[in-house]
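Trainee: Okay, here's the structure, questions in a sec.
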Amino acid sequence: MRVMLEQGEVEQSIDDKSHKLFNIRDELASLSEQARKMQYEINQLYTEQAENMNEFLLLCEHFDTCPKRNFNPNKMAGDVPLAPSVINIFTSIILST
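This is the structure:
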């Protein structure tokens, strides 16, 4: 009788541990899926950041070739300084971080 009780307890313990293992496996699968989604989102952010940087560089090139608008009515019409260069813009960004 005692052997049957111990065997039943062992079987119950095995069942409990198997159930826990299945739960852990399911949680790992869920975490793995979340990690894949997060990696995809990170890749999208890198792509978006690269596109934004590209646009920024194009704007800098544009500003390098265009004069600043003259907002001071007391200045002469021909006295218009050029916009800051790309190097100056990057330097100010680096210094501000």
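Take the sequence shown: its letter number 9 is residue 17 in the working numbering, and every next letter is one higher. For each residue, glycine too, the CB sits at the ideal point set by N, CA and C.
How big is the Cα-Cα spacing for Leu-39 and Ile-32?
Mentor: Taking the straight line from one Cα to the other gives about 10 Å.
Trainee: Excluding sequence positions up to five away, which residues of its chain have a Cβ less than 7 Å from the Cβ of Met-12?
Mentor: Hits under 7 Å: none found.
Trainee: Let me see if you follow: with CB-CB separation under 8 Å, is Gln-15 close to chain D or not?
Mentor: In the structure shown, chain D does not exist; there is a single protein chain.
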